[in-house]
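Here the sequence shown is numbered in full-length UniProt numbering, starting from 1 and rising by one per residue. Even glycine gets a Cβ: it sits at the ideal position worked out from N, Cα and C. In this text the structure is predicted, and so the values were computed from the model without any measurement. Right, one structure below, let's go through it.
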Amino acid sequence: MSLDFGTMLFQLGAFLVLMLLVSRFALRPLMNTMEERQNHIESQISEAEKNREEAEKLAAEHREALKQARQEAQEILERAKSQKEREAEKIIQDAHDRAQKMIEEATAEIGREKEKALNDLRAQVGGLSVALASKMIEKELDEKEHSQLMDRYLKQVGELQ
1 MSLDFGTMLF QLGAFLVLML LVSRFALRPL MNTMEERQNH IESQISEAEK NREEAEKLAA
61 EHREALKQAR QEAQEILERA KSQKEREAEK IIQDAHDRAQ KMIEEATAEI GREKEKALND
121 LRAQVGGLSV ALASKMIEKE LDEKEHSQLM DRYLKQVGEL Q
């Protein structure tokens, strides 16, 4: 077994030329394609990460908007409740005022009717007194007739009440 330097040198040269050709025409395009593929994957990953962050941001905004909408709804309910209570109090107060006014008017009307009845009674009593006096003057009464006349007079006054 002998080593031939010429063959070895030729094989080494052929190997280097073959490596150079493989490197230039196969390895470089393959590496470029792999690098492009890696860049594409990295850009998709970064875009997916960006989309995820954006989605989380939107979800946080939606949660905040929902929270704010619930709070506004609660405030609206509280305002409506307080307004309802104020209106109920106003209605009750108005009804109380009207009832008080009706009581005052009825009391005043009763007082007027009472005064009118008393005035009518006084006028009738006065008239009956005059009539009684005139009858007494017309004839002189004895004790018994005088008693009967007074009873009739009191009976008439009692019927008028």
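The beta-carbon distance between Leu128 and Gln156, rounded to whole angstroms, is 6 angstroms. This is short enough to meet the 8 angstroms contact definition. In the displayed model, Asp4 falls within coil according to three-state DSSP, outside both helix and strand.
Listed in chain order, the alpha helix (DSSP H) elements of length 4 or more contained wholly in the region 29 to 104 amount to none.
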